[in-house]
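Read through the structure below, which is laid out as structure tokens, and then see the notes.
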Amino acid sequence: MVFKCLKCGKCCMETQMPLSRRDIMRIENLGYRRDEFTVKINGKHILRNIGGYCYFLDKEKMKCKIYRDRPIGCKIYPVVYVEGGYVSVDDECPASNTITAREIYRKKPSLIRLVMEVEGIRRK
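According to our numbering, the residues represented by the sequence shown are 306 to 429, in order.
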């Protein structure tokens, strides 16, 4: 079975999604200003929440306004980083039981790269 998003919007509520430099540049190229869609916490840019929801969530349609250009962390979700270099599936996602081990394995390198960039960790 392949992960099947239920489009419930739960992952877009009170999000703390970190943004890479490429995420920010890609979204700025769509015409958004950085200060519109990000907040900086501990020196890291994360997606801004408006009224408890991601800045880009269309609450009426429960769809992302920039779906094709969404941040890499959003594309990888519900695969999440676990301290120590591990990955897991977020139990908060109602469709988390539909993701396969193969999908997790495939998404892990992108997630680790995102975490390393956001945390300022250089590869050896």
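A virtual CB, placed ideally from N, CA and C, is assigned to each residue, including glycine.
For N354, the three-state secondary structure derived from DSSP is strand. Membership of K345 in the beta strand (DSSP E) is indicated by the continuous run 343-346.
Counting along the chain, the unbroken alpha helix (DSSP H) around Y410 starts and ends at 406-424.
With contacts defined as CB atoms closer than 8 Å, G389 and P323 fail to qualify as a contacting pair. Counted as a single uninterrupted DSSP element, the beta strand (DSSP E) harbouring S393 occupies residues 391-394.
I404 sits close to F308, with the two beta carbons spaced by under 8 Å.
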